[in-house]
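Note that the sequence shown covers residues 456 to 548 in the numbering used here. Yeah, the Cβ is synthetic: ideal placement off N, Cα and C, and Gly gets one too. First up is the structure itself, then whatever we jot down about it.
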Amino acid sequence: MNTKQLVPSYYQAACFYANRGNQERANALFDEGIQTLLEVNVIDGLEELFFEKAVIQDNPNEQRELLKQADHYAKLNENLSLKRLIQERLASI
């Protein structure tokens, strides 16, 4: 599997569990995806994993920190549409 396939695989699997109310499994998959990408020095897509993980958090402080990470990678990856969405979420916390 090449690294371009990693993000969608982790993203879809984590979202699958999040949509079914299994936040623990979703968090584990988001964490595994983030860690795997960092280990292979790939930053493409990290903003999406951090953002979606933030969305399912109950703790506002944790959500804010994850959104800041998502914002950082959105800037690096020039993902301007997600960056705007992240800024909106941060403002509403």
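Endpoints, the alpha helix (DSSP H) within which residue i is located
i, result
"G500", "Where G500 is concerned, there is no enclosing alpha helix (DSSP H), given that its DSSP letter is neither H nor E."
"I489", "Q478 to E494"
"N474", "L461 to N474"
Cβ neighbours of residue i in the same chain (closer than 6 Å, five flanking residues each side left out)
i, result
"I489", "L504"
"K538", "A529"
"D513", "none"
Buried versus exposed call for residue i [16 or more other C-beta atoms within 10 Å across all chains shown]
i, result
"A525", "buried"
"A546", "exposed"
"I548", "exposed"
"I511", "buried"
Same chain, Cβ closer than 7 Å to residue i, neighbours up to 5 away in sequence not counted
i, result
"T491", "L461"
"N532", "I498, D499 and E502"
"Q518", "A509, Q512 and I548"
Rounded straight-line distance, which links the Cα of residue j to that of residue i
i, j, result
"C470", "R480", "10 Å"
"F506", "F485", "10 Å"
"Y465", "Q478", "14 Å"
"H527", "Q467", "22 Å"
Cut-off 8 Å between Cβ atoms - residues of its own chain near residue i, not counting five sequence neighbours on either side
i, result
"G476", "none"
Residue i, DSSP secondary structure in three states
i, result
"E517", "helix"
"I541", "helix"
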